[in-house]
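Chains as they are written, first to last, in my numbering: chain A, 1 to 329; chain B, 1 to 329; chain C, 1 to 329; chain D, 1 to 329.
Ideal Cβ positions, reconstructed from N, Cα and C, are used throughout, including at glycine.
Number of protein chains: 4
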Amino acid sequence: MERSHLYKNLGIQLDMAVEAHDVLQQERQSNIAGVEMYKNKVGHSDITTVKITSPEGEEAMGKPMGNYVTIDAPHMKVNNRDIHQELSGLLAQELSKLLHLGPDDSVLVVGLGNWHATPDALGPKVVNHTMVTRHLHKFAPEELQGGLRSVSAIAPGVLGLTGIETAEIIKGVVEKINPTVIIAIDALATRSVERMATSLQIADTGITPGSGVGNRRVGINKETMGVPVIAIGVPTVVHAGVIAHEAIEMLLQQFHTSPSLYRLYKGLNPDSMQQIIEDVLEPFGRDLIMTPKEIDILIENTSRIIATGLAQALHPSISSSSEGLQYLQ
Amino acid sequence: MERSHLYKNLGIQLDMAVEAHDVLQQERQSNIAGVEMYKNKVGHSDITTVKITSPEGEEAMGKPMGNYVTIDAPHMKVNNRDIHQELSGLLAQELSKLLHLGPDDSVLVVGLGNWHATPDALGPKVVNHTMVTRHLHKFAPEELQGGLRSVSAIAPGVLGLTGIETAEIIKGVVEKINPTVIIAIDALATRSVERMATSLQIADTGITPGSGVGNRRVGINKETMGVPVIAIGVPTVVHAGVIAHEAIEMLLQQFHTSPSLYRLYKGLNPDSMQQIIEDVLEPFGRDLIMTPKEIDILIENTSRIIATGLAQALHPSISSSSEGLQYLQ
Amino acid sequence: MERSHLYKNLGIQLDMAVEAHDVLQQERQSNIAGVEMYKNKVGHSDITTVKITSPEGEEAMGKPMGNYVTIDAPHMKVNNRDIHQELSGLLAQELSKLLHLGPDDSVLVVGLGNWHATPDALGPKVVNHTMVTRHLHKFAPEELQGGLRSVSAIAPGVLGLTGIETAEIIKGVVEKINPTVIIAIDALATRSVERMATSLQIADTGITPGSGVGNRRVGINKETMGVPVIAIGVPTVVHAGVIAHEAIEMLLQQFHTSPSLYRLYKGLNPDSMQQIIEDVLEPFGRDLIMTPKEIDILIENTSRIIATGLAQALHPSISSSSEGLQYLQ
Amino acid sequence: MERSHLYKNLGIQLDMAVEAHDVLQQERQSNIAGVEMYKNKVGHSDITTVKITSPEGEEAMGKPMGNYVTIDAPHMKVNNRDIHQELSGLLAQELSKLLHLGPDDSVLVVGLGNWHATPDALGPKVVNHTMVTRHLHKFAPEELQGGLRSVSAIAPGVLGLTGIETAEIIKGVVEKINPTVIIAIDALATRSVERMATSLQIADTGITPGSGVGNRRVGINKETMGVPVIAIGVPTVVHAGVIAHEAIEMLLQQFHTSPSLYRLYKGLNPDSMQQIIEDVLEPFGRDLIMTPKEIDILIENTSRIIATGLAQALHPSISSSSEGLQYLQ
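Here you go:
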């Protein structure tokens, strides 16, 4: 069975467009119609842009048309402030390309996720560190007038804690304060162990239903919110099923030389692989996640990197992150 | 200068109706027209009900017409589960008298306050422990159908962290989910050191602007929300100005025998007392609070007492708090 | 390659004696000399006692001679106070069998682990909830004299945060306060997804080097501490390598019918399996853990269950956990 | 009654030498024999050094002979990273003057206080952010050999949580690891509202019994520990009694013109003032503290400032705090 279908059956969402693209290309051994990919390197980071340009690409990728920018920065894990600053600057730069903000545009930052489940707490932590100005805006001292944009921020919580669809809460707030754009922060699942806490995805398509560590139930995007939604995500977990599957795949490669096994493998009931993996993961199923032991600290650092990047991208007057931090908690 | 005016000038809100009433009565040496007060004792607790019954009483008390029930329970501080359970039961009982819920009515619990400022974090902590059911409601197993009411809960944060009026966020959510009633939890300021973390106020008038540890800016009540709002408050701080003033008052009593001083005192420029106290509290002013050293643990316990009381009051099927806790986090 | 050796090479410790025993028995298809096992059922819980009775058994099991009691309680995850109380009572009962405390014996509770890494924070959290009495002991009111035992508690942190061997810190304290016995609490790794946060192991052999989520470096036992050490552990993680291996094993079982594959498998270079799994887990290796998404709350509840059980086992006068909780934070 | 005696009777400790000196000088209207004071200004900060040079000064000040350096930095409260860095550098510089470390000397950082009581949690939070190297020391890469000093850190907790004298725990660890010097971090009480979270005291006399927010019971100094102890403190609370007393004093000044009152005041039973204040503060007494509402965030920032300053002072190779932070959590 193709990996893409297997993942689907196992409820493993490929949150990162670059990963969905890799899986597809590997299966098809060809480019995917309606999908373009560009790579370049900045400092220590690799930037990969995936563009989904047609309904055909949308269908194949299982993601809406739009731009998905991935910043892979293995050094994000190093606890060095200069490196974190470099990454904040890079995020600000890529974010600005998708934001196209006018001088008077206002922004609502939404921190998705559950602050009581560490690997899902990225969004609320970014909100903690976000420099909000909407309430100060009209009273800001002269010298800041030019620079300070109106920014507000909420952490709506998760359905299990509020009893309310997260999208309902956000929409209710949006209708009250009418932001020009929403920036939604969410923790993602990845299929690559290397990417955990070392990668950032910025997408101008908002949040897709079923995505994120919390498997958000309802989409948070232009259709549901009425304003553009930029999503910023960081992979913090790998679905346990991915590890199980990787192990099996690697074993089978060992046997490639053997035609007899190859036949056996091909003869294997397509559902067996899925059955095996589900058996291994019982009773937690999709709620069983793989994460680094020190995830608590990785989330804390990553949330500061993002908040500083936001401050730079949203407030033109804030040139260096040092200024930016002036307002961060 | 009368205490009531001094407090007003110093920005010291008397959040507890029973205290506002005491101050007035002491000043006027008489009953206050349009205000009634009843006392009774249940177990180890004193229950005082203040009823504001006319615009005249409203004017005098600086609080809207309605019912204010105070449960004074000095033993609330004792870390004993049986005592906490007794208090949860008492809260449930008094709350039910003001709620008048029909079988199909739904409730939105709102935890006001700042989870990053311990003495103001009572509301958000109650929300953490609240048993939400709105999302489960339609799917609840047979045996619960009769008992489980639709309950949702949010902790909207504070203006300084979100950039959005708390009332705006709540109203936005209310318009989406249309609860029958709102129960708002807030940390209060008291003028009585004894009451800190040992007292509960339940009011059917909602949240008054300027009240609470966070000096909520906009009222959260039937006028602003469109549905009835029951407020549950626990005093967690004493305004530092109250202590300063108490000390001065006590000193002056020492001198009561002296006519010469009494003249001096009466001759004292009414603003001097206010000036003295403001000087003492500089530079923090009204943000300088008095609180017990172990406030962190007192808040944790009190939030569990309230959450358990809510579970009993809102879910008829939950007879004992033991069942109630089944759903609490 | 035998599973026991594979785990060893992968640095996967079998913290639970009952699991080490199962693996061995499966490999040898026979009883293990010097190891006895007894099972019985109490309420909803299964209690399994593994006794290692000879150096031969020690050698085979890779664990010191002594008693290992496992309480498997799948319902531990249910958030119901009555169930938690039943489990606290069961823990108290099994613990007492291994403690043999005299009326004047004193106890030091040690919470091992890193409070900044949720799945490793069980020990410090139990210490938070532990009722300490050593400092009150001589001043306790009459009516408690008979019941209150001298109990102290420390959370020494981990090498990475202190720069000091945990065992050194504990030994230093032990030499100052001379407890009769140490009870060490630690988070464990399991090979069984079902056991996470639903199982308790009590051992009178103390902490073995390399065990626990934190892979404790130095043993904490009678040899190193000079006093008996009882270890209480709860599995909170599964090593990712276990999942990878389980998946492979299950796949191979699919092929059991095929002699040709069986030959291939047998012919497989013993190190390949290990290599496969290490490749899958790079770059995190043994620091990559599998844990339920809601581990934060599971740890909070489990730590309260243990603290309440300790209060009952250590303080004869505390019959019901309700009294016990009177002293818990 | 003299303020110094009143404070003593009320159990109000003057933790800051500079404040004890001011009170004395005000009372005596003269210099204090055996006590010297020097002031200078660096950047935005005022540095005051108090030297107690004789037993006579010791007696008068109620503090042991030695050096007490106070850095008053009102801008510490501004949330700006550059300002925090300047303060870290200043702390490092003043600390080095008292430390006199040789190249191979090792340091134990001790974070005093209760991590469950926010205003007392400064010490443990500094430990969280401290760069420990003792365990890495022998394995450090070549290029760091010259720079990395052996540093360890513990947060021993408080008597109420451990049942063990804090000094006993520290002494036990000291005897195991034999540091050259101890640096103890503690939250202090001040009599000046302005100083809260804006002042640092460095003393080469260690911790005096009864000092700190937690009223440490046993001294932590060269006598009890056997090695020199440098204390770093930040005032985080004002004893409520101080506010009460300040208010009274200010009122009395209003009346200075009146001889009749002055007589009355002088005739006032010396104990009355104390009685008044104790009455005002009942039932919490000395556990009633005054603190800014946002103390949680002030403590977080201050702990990072101190940890960065320590990294610079202890590790010669760490020139800028940016490098320093590389190792901080």
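With respect to chain C, the C-beta atom of His5 (chain A) has no partner C-beta closer than 9 Å. Cβ-Cβ distances below 7 Å link Glu86 (chain D) to Gly43 in the same chain, with the five nearest sequence neighbours on each side left out; the list follows chain order. The stretch 231-243 of chain B makes contact with the stretch 194-213 of chain B; the number of CB pairs closer than 8 Å reaches 3 or more. For Glu36 (chain C), the enclosing beta strand (DSSP E) covers residues 35-42.
Taking a contact as a CB-CB distance under 8 Å, the pair Gly212 (chain A) and Ile154 (chain B) does not count as one, their CB atoms being some 20 Å apart. His116, Ala117, Thr118, Pro119, Asp120: these are the residues of the stretch 115-142 of chain B whose beta carbon lies less than 8 Å from some beta carbon of chain D, given in chain order. Listed in chain order, the positions of the stretch 289-303 of chain C with a beta carbon within less than 8 Å of a beta carbon of chain A are Ile289, Met290, Thr291, Pro292, Lys293, Glu294, Ile295, Asp296, Ile297. For Thr308 (chain C), no Cβ of chain D is located within less than 9 Å of the residue's own Cβ. Neighbours of Val173 (chain D) in chain C, taken as residues whose beta carbon is under 8 Å from its own, are Ile164, Glu168, Ile169, Gly172, Val173 in chain order.
Sixteen is the threshold: when 16 or more other Cβ atoms of the shown chains lie within 10 Å of the Cβ of His315 (chain C), as they do, the residue is buried. The contact set of Met65 (chain D) on chain B, defined by CB atoms closer than 7 Å, is empty, because the minimum CB distance reaches about 31 Å. Per DSSP, the beta bridge partners of Ala184 (chain A) are A:Val110, A:Ala231. Among the residues of chain C, those whose CB is under 8 Å from the CB of Leu159 (chain D) are His135, following chain order. Pro292 (chain D) is bridged by DSSP to B:Leu288. Leaving aside the five residues that flank Thr49 (chain A) on each side, the residues in its chain whose CB is nearer than 6 Å to its CB run, in chain order, Tyr38, Val69. Contact annotation: Val229 (chain A) and Ile289 (chain A) have beta-carbon atoms that are not nearer than 9 Å. In this structure, Gly226 (chain C) and Asp186 (chain C) do not form a Cβ contact; the two beta carbons are roughly 20 Å apart against a cut-off of 8 Å. In this chain, Gln85 (chain D) is not harboured by any beta strand (DSSP E); it is covered by the alpha helix (DSSP H) spanning 81-99. Close partners of Ala244 (chain A) in chain C (Cβ separation under 8 Å): Ile243, Ala244, Glu246, Ala247.
Taking CB atoms only, Val280 (chain A) has a neighbour in chain C less than 9 Å away.
Comparing alpha carbon positions, the residue from C:Gly111, C:Val127, C:Arg216 closest to Leu159 (chain C) is C:Arg216. For Ile52 (chain A), the closest Cβ of chain C is not nearer than 9 Å. For Leu98 (chain A) and Thr133 (chain B), the gap between their C-alpha atoms comes out near 39 Å. Between Thr130 (chain A) and Ala311 (chain A), the C-beta gap is smaller than 9 Å, which places the two residues in contact.
As DSSP reads the structure, Ser45 (chain C) sits in a beta bridge with C:Val42. Comparing alpha-carbon positions, the option among C:His245, C:Thr162, C:His84 lying closest to Gly309 (chain C) turns out to be C:His84.
The beta carbon of Ala184 (chain A) does not come within 9 Å of any beta carbon belonging to chain B, so the residue lies off that interface.
Residue environment: Pro55 (chain D) is assigned as exposed (fewer than 16 neighbouring CB atoms within 10 Å of its CB, all protein chains considered).
At a beta-carbon threshold of 7 Å, the residues of chain B lying near Met250 (chain D) are Ile276, Asp279, Val280, ordered along the chain. Taking C-beta atoms as the reference points, Ala240 (chain A) and Val280 (chain A) count as a pair closer than 9 Å. For Ile154 (chain B), the enclosing beta strand (DSSP E) begins and ends at 151-154. Counting of Cβ neighbours within 10 angstroms places Pro179 (chain C) among the buried residues, the total reaching 16 or more. By the Cβ neighbour-count rule, Gln26 (chain B) is exposed, with fewer than 16 other Cβ atoms within 10 Å of its own.
At least one beta carbon of chain A lies nearer than 9 Å to the beta carbon of Met273 (chain C). For the stretch 181-215 of chain D, the beta-carbon criterion of a distance under 9 Å to any beta-carbon of chain B is satisfied by Val193, Glu194, Met196, Val213, Gly214. Asn67 (chain B) is bridged by DSSP to B:Lys51.
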